[in-house]
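Read top to bottom, the protein sequences are chains H and E. Positions 1 to 496 (the UniProt record's numbering) are the ones given, in order, by the first sequence. Positions 1 to 510 (the UniProt record's numbering) are the ones given, in order, by the second sequence. We put the beta carbon where it would ideally sit given N, CA and C, even for glycine. Let me begin by presenting the structure, written as structure tokens, before commenting on it.
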Amino acid sequence: MTYDDETEYQNDGALHQQLIADVLAQYPDKSRKRRQKHLSVAKPADAPEAEAERPVTDCDVKSNIKSIPGVMTIRGCAYAGSKGVVWGPVKDMVHISHGPVGCGHYSWSQRRNYYTGHTGVDSFVTMQFTSDFQEKDIVFGGDKKLEKLIDEINELFPLAKGISIQSECPIGLIGDDIEAVARKKHKETGKTMVPVRCEGFRGVSQSLGHHIANDAIRDWVLDKNDIELQPGPYDVNVIGDYNIGGDAWASRILLEEIGLRVVGNWSGDATLTEMERAPKAKLNLIHCYRSMNYICRHMEEKYGVPWMEYNFFGPSQIADSLRNIAAHFDETIQQNAEKVIAKYQPLVDAILAKYKPRLQGKKVMLYVGGLRPRHVVDAYHDLGMEIAATGYEFAHGDDYQRTGHYVKDGTLIYDDVTGYELEKFIEGIRPDLVGSGVKEKYPTQKLGIPFRQMHSWDYSGPYHGYDGFAIFARDMDLAINNPVWGLFKAPWKKAA
Amino acid sequence: MPQSAEKILDHAPLFKEPEYQEMFARKRAMDGMPCAEETAKVAEWTKSWEYREKNLAREALTINPVKACQPLGAVFAAAGFERTLSFVHGSQGCVAYYRSHLSRHFKEPSSVVSSSMTEDAAVFGGLQNMIDGLANAYKLYSPKMIAVSTTCMAEVIGDDLQAFISTARQKGSVPEDFDVPYAHTPAFVGSHVVGYDNMMKGILENFWKGKTATPGEKINIIPGFDGFAVGNNRELKRILDMMGVDYTLLSDVSDTFDTPSDGEFRMYDGGTTLEDTAAAVNAKATLSLQEYCTQKTLEYAESFGQASASLHYPMGVAATDELLMKLSELSGKPIPDALEKERGRLIDAMADSQSWLHGKSYAIFGDPDFVYGMAKFIMETGGEPRHCLATAGTKAWAEQMQELFASSPYGANCQVWAGKDLWHLRSIIATEPVDFLIGSSYGKYLEKDCNTPLIRLSFPIFDRHHHHRFPTWGYQGGLRVLVAILDKIFDKLDSDTGETGADISFDLTR
Chain H
1 MTYDDETEYQ NDGALHQQLI ADVLAQYPDK SRKRRQKHLS VAKPADAPEA
51 EAERPVTDCD VKSNIKSIPG VMTIRGCAYA GSKGVVWGPV KDMVHISHGP
101 VGCGHYSWSQ RRNYYTGHTG VDSFVTMQFT SDFQEKDIVF GGDKKLEKLI
151 DEINELFPLA KGISIQSECP IGLIGDDIEA VARKKHKETG KTMVPVRCEG
201 FRGVSQSLGH HIANDAIRDW VLDKNDIELQ PGPYDVNVIG DYNIGGDAWA
251 SRILLEEIGL RVVGNWSGDA TLTEMERAPK AKLNLIHCYR SMNYICRHME
301 EKYGVPWMEY NFFGPSQIAD SLRNIAAHFD ETIQQNAEKV IAKYQPLVDA
351 ILAKYKPRLQ GKKVMLYVGG LRPRHVVDAY HDLGMEIAAT GYEFAHGDDY
401 QRTGHYVKDG TLIYDDVTGY ELEKFIEGIR PDLVGSGVKE KYPTQKLGIP
451 FRQMHSWDYS GPYHGYDGFA IFARDMDLAI NNPVWGLFKA PWKKAA
Chain E
1 MPQSAEKILD HAPLFKEPEY QEMFARKRAM DGMPCAEETA KVAEWTKSWE
51 YREKNLAREA LTINPVKACQ PLGAVFAAAG FERTLSFVHG SQGCVAYYRS
101 HLSRHFKEPS SVVSSSMTED AAVFGGLQNM IDGLANAYKL YSPKMIAVST
151 TCMAEVIGDD LQAFISTARQ KGSVPEDFDV PYAHTPAFVG SHVVGYDNMM
201 KGILENFWKG KTATPGEKIN IIPGFDGFAV GNNRELKRIL DMMGVDYTLL
251 SDVSDTFDTP SDGEFRMYDG GTTLEDTAAA VNAKATLSLQ EYCTQKTLEY
301 AESFGQASAS LHYPMGVAAT DELLMKLSEL SGKPIPDALE KERGRLIDAM
351 ADSQSWLHGK SYAIFGDPDF VYGMAKFIME TGGEPRHCLA TAGTKAWAEQ
401 MQELFASSPY GANCQVWAGK DLWHLRSIIA TEPVDFLIGS SYGKYLEKDC
451 NTPLIRLSFP IFDRHHHHRF PTWGYQGGLR VLVAILDKIF DKLDSDTGET
501 GADISFDLTR
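Spelled out as structure tokens, the structure:
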């Protein structure tokens with residue numbers, strides 16, 4: 001249930017089917033056959049499951065498949081998934097972009113993973129460390145250079161707790177043995193060394209990079225050092241919150257308020273210590289399922305730490321999640337959860353009173369990474385807004401299945417959408433707002449359609465938690481209701 | 001509760017609220033970070049001469065470099081041609097990066113496709129990706145030309161662009177006579193500056209190869225990789241038109257990266273026409289505005305009997321004088337009085353402000369030609385460009401910089417840092433402080449760390465908007481650069497004076 005009674009809208013499924021047919025008609029035959037599996041319209045679900053568990057719709061598309069050459073996929077690569085998403089935010093380690101200079105350069109300081117710390121001294125998130133491969137490194141191999149630069153890091157950054165080696169494309173192609181270098185340097189220095197095989201050509205998107213990065217935590221971090229933690233009954237880890245614009249902090253404050261102790265946050269504002277001690281927690285709370293479910297499953301199998309998904313976007317999901325989280329603990333925590341929900345209710349009411357009248361009935365199209373295309377849906381619903389279309393860059397089948405819990409009948413669903421398709425879909429639907437990435441922002445705005453970046457929060461945020469929802473609501477309003485959208489047409493052209 | 005609907009706090013004020021500050025303290029007490037004293041001790045050490053020596057002795061590690069990789073330059077060069085779609089052969093993530101990087105700077109769309117090679121292509125080569133990719137790009141995006149460059153993946157496995165493109169043509173991916181220029185742009189050689197050169201040469205080769213030039217009156221002008229290209233190319237064209245020079249601007253991105261908001265998304269706009277590009281073989285000369293962006297290209301132009309010349313990012317008085325005189329020399333057209341008046345106005349402004357500019361010291365970082373042009377202008381204002389750093393700078397560039405320093409008394413205490421990075425620069429300005437930093441947005445960390453105000457005048461500028469829409473070249477551009485520097489000087493003066501309770505030195509008129 002969301003805060004809006006009128007969210008029982010239905011999307012124009014017939015229009016969406018037509019839009020799909022129209023874009024597919026433009027492709028050469030071979031590519032049309034491949035693309036058509038990635039586009040569909042959500043249908044009412046007929047799964048005979050228990051009422052509460054039942055998805056509302058079926059969002060059945062093929063996913064996690066290679067992108068077609070030359071179509072302008074919006075996806076990135078495995079390196080982006082590992083260095084950019086999972087490892088980059090771990091603040092007291094140095095992350096080497098190992099290979100040529102570009103990958104580290106373009107991803108330098110772009111993900112807004114906020115942290116506290118003294119950059120360049122005990123924290124290194126907004127820095128770009130690279131081996132800056134030259135031709136000779138390609139020809140003769142880069143292992144010697146890697147060894148040397150690890151020594152240089154240790155000398156210049158004595159407070160760095162460890163080093164991760166983020167492989168760029170050439171590493172796997174020239175046969176370097178970064179694992180051997182990592183083992184050797186670990187032996188010499190005693191510091192954590194993590195070789196990550198996230199070469200950009202591996203897999204089909206960022207997604208394999210997340211998986212490889214998770215495996216590297218399993219293989220090179222967990223069980224490696226002694227843990228100094230007196231375990232408590234209310235210890236939890238927050239997994240898959242990268243603290244974009246402070247999201248993890250706006251979440252942590254609620255978890256602490258209901259009486260839990262967050263002993264690790266992976267990986268926004270994370271330290272190596274927090275990662276190492278994670279298996280000692282009582283429960284893993286996972287926000288970004290796509291990028292970190294792997295390590296949760298591992299911790300469940302190996303250490304018996306259960307995990308649960310939660311959603312801190314928008315008040316209806318926050319309240320549900322707080323209750324679900326509290327249900328894993330005793331009555332004190334459960335009562336605290338009710339108190340916290342009640343405490344924030346006046347804030348929620350005030351935000352809705354202020355913004356809902358300005359946003360009610362506005363149509364939104366989303367295209368984001370692996371979680372937000374579904375996770376933010378009810379936050380929009382809370383504001384009375386409608387989701388006309390949504391899709392993922394790098395989701396898998398289980399993500400589309402989960403999407404059915406959020407979106408309505410007739411919603412246009414696109415997987416690994418191409419630049420061409422997205423433009424045509426936007427033109428065809430003419431939504432009131434598009435939420436996607438920086439590459440999609442400017443083309444959309446040229447069409448006269450308001451836009452918010454939903455990877456970086458358009459340099460705003462946090463959007464998680466109650467504090468974040470206020471900012472989210474304000475941002476959607478300022479995007480949609482800015483006067484600039486009314487100025488596009490020259491007045492002398494209006495008569496025409 | 002810090003948040004309220006009446007006054008919604010953004011991240012900066014929100015996290016300063018006591019609830020969050022206390023939460024940070026609780027986290028800090030148990031997250032394994034070093035204690036404040038230890039951090040402070042190491043922080044102080046990192047600003048010492050001892051640290052500087054260790055830092056400058058680095059041989060393998062690069063930290064915060066001021067350079068990107070070749071394909072970015074190739075994509076930028078190709079974007080300046082009529083309805084041209086860049087197609088980068090190799091891994092797809094790279095293309096997402098170039099597009100984001102350009103969009104973040106220009107606040108504009110950047111449309112580029114990838115051949116999306118994955119593990120199987122790493123084993124078998126990317127021929128099929130080229131065949132399918134060209135067919136899809138041609139069909140979906142209706143380009144007039146597809147400019148192919150490479151990521152390092154395709155370079156490491158040794159894909160042969162010429163053969164692949166020719167095969168794709170035979171298979172009907174694009175029509176037989178469709179223009180598909182190409183350039184190998186390995187990321188492990190040079191930088192985006194070299195990538196620009198390679199793609200420019202590749203495009204010219206596509207149109208010029210096998211032709212015999214019939215020298216005419218036109219002059220080719222190549223602007224080079226420039227974050228201010230929108231303003232600068234337009235200023236350049238204004239100057240050329242004022243002089244009546246018959247010219248071809250080879251790669252003009254000024255419209256590509258500045259399309260209007262009127263309800264239409266123009267994936268392509270403006271750019272050098274393919275017809276003009278082909279005809280440019282008959283120019284009597286090619287003039288490059290950035291030597292290091294065009295070394296191979298100029299050689300190629302010379303091979304058709306064209307005269308050639310190159311400048312270093314013409315900012316300020318003497319550099320603009322040189323540009324105008326060179327244009328006049330090559331075209332035979334006189335420099336009009338109107339431009340001489342503009343020159344006088346720039347000098348007038350510099351004279352009005354000279355007391356504030358004289359003796360100021362600067363650290364300048366960026367692409368080699370930018371750093372040269374900027375240092376030259378700074379010395380004209382009576383300032384000292386103490387530290388000039390270009391990660392993409394070569395030995396030859398360092399020598400040119402030394403000659404530049406030697407040409408002026410204001411260069412006496414100046415040093416050039418070729419191949420060094422911004423972490424080197426941190427040590428340098430921590431031990432030998434300067435008044436101001438000039439460079440890109442990446443300098444903002446140094447600004448904060450070393451308490452040295454940053455003047456943003458080079459690519460990329462992510463955190464300030466629209467600067468690139470105004471020129472920095474020519475006398476008019478010189479005014480804009482002058483104002484940017486002066487504003488920073490005066491802002492600093494005001495923020496350093498007028499302490500609460502006293503208005504000492506907080507002057508209304510300066």
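Within the DSSP secondary-structure output, Q453(H) pairs in a beta bridge with S436(H). For the segment 163-175 of chain H, residues whose beta-carbon sits nearer than 7 Å to a beta-carbon of chain E comprise C169, P170, L173 and I174. By the Cβ rule, the segment 66-81 of chain E counts as touching the segment 91-111 of chain E, because three or more pairs are nearer than 8 Å. Here V189(E) carries a coil assignment [DSSP, helix/strand/coil].
Rounded to whole angstroms, the separation of the alpha carbons of S505(E) and D352(E) is 20 Å. Around V189(E), the beta-carbon contacts reaching into chain H at under 8 Å are Q134 and E135. According to the DSSP assignment, F405(E) belongs to the alpha helix (DSSP H) that extends over K395 to A406.
With 16 or more neighbouring CB atoms inside 10 Å of its own CB, A42(H) falls in the buried class.
Judged by their CB atoms, P89(H) and V125(H) are nearer to each other than the 8 Å cut-off.
Less than 8 Å separates the beta-carbon of Q206(H) from that of G81(H). In summary, the residues of the segment 65-88 of chain H whose CB is separated from some CB of chain E by less than 8 Å are K66, S67, I68, P69, G70, V71, M72, T73, I74, R75, G76, C77, A78, Y79 and A80, in the order they occur in the chain.
H464(H) has no beta-bridge partner at all, per DSSP. Taking 8 Å as the cut-off, the beta carbon of G428(H) is found no closer than this to the beta carbon of Q10(H). Taking the C-beta atoms as reference points, G240(H) is found nearer than 8 Å to C288(H).
Residue contact check for C296(H) against chain E: no CB pair falls below 8 Å.
Here the C-alpha atom of N154(H) lies approximately 11 Å from the C-alpha atom of M93(H). Counting other Cβ atoms within 10 Å of its Cβ, C59(H) reaches 16 or more and is therefore classed as buried. Within the same chain, Cβ atoms closer than 7 Å to the Cβ of G246(H) are found at Y114, G461 and P462, the five residues on either side in sequence being excluded. The continuous stretches of beta strand (DSSP E) do not include T411(H), and DSSP gives it neither H nor E. When DSSP states are grouped into helix, strand and coil, A309(E) belongs to the strand group.
By the Cβ rule, the segment 176-183 of chain E does not count as touching the segment 349-365 of chain E, because fewer than three pairs are nearer than 8 Å. The three-state reading of DSSP puts M292(H) in helix, counting H, G and I together. Of the residues assessed, V253(E) falls on the buried side of the cut-off, its CB having 16 or more other CB atoms within 10 angstroms. Residue pairing by DSSP puts V88(E) in a beta bridge opposite S114(E) and S149(E). Between Q230(H) and G76(H), the alpha-carbon positions lie close to 41 Å from each other. In this structure, A470(H) places its C-beta atom within 8 Å of the C-beta atom of L347(H). Residues of chain H whose Cβ lies closer than 7 Å to the Cβ of M33(E) are, in chain order, D92, G117, D122 and T271. DSSP, reduced to helix, strand and coil, places S40(H) within a strand of the structure shown.
At the C-beta level, I480(H) and K362(H) come within 8 Å of one another.
DSSP lists A390(E) as the bridge partner or partners of A418(E). Interface with chain H (8 Å Cβ-Cβ cutoff): S149(E) is excluded. A straight-line Cα-Cα distance of about 12 Å links R261(H) and A326(H).
In the DSSP secondary-structure assignment, D235(H) is bridged to R261(H). Secondary structure note for L159(H): it is in no alpha helix (DSSP H), with a DSSP letter that is neither H nor E. Counting every other CB atom within 10 Å of its CB across the protein chains shown gives D137(H) a total of 16 or more, marking it as buried. Counting along the chain, the unbroken beta strand (DSSP E) around P195(H) starts and ends at T192 to V196.
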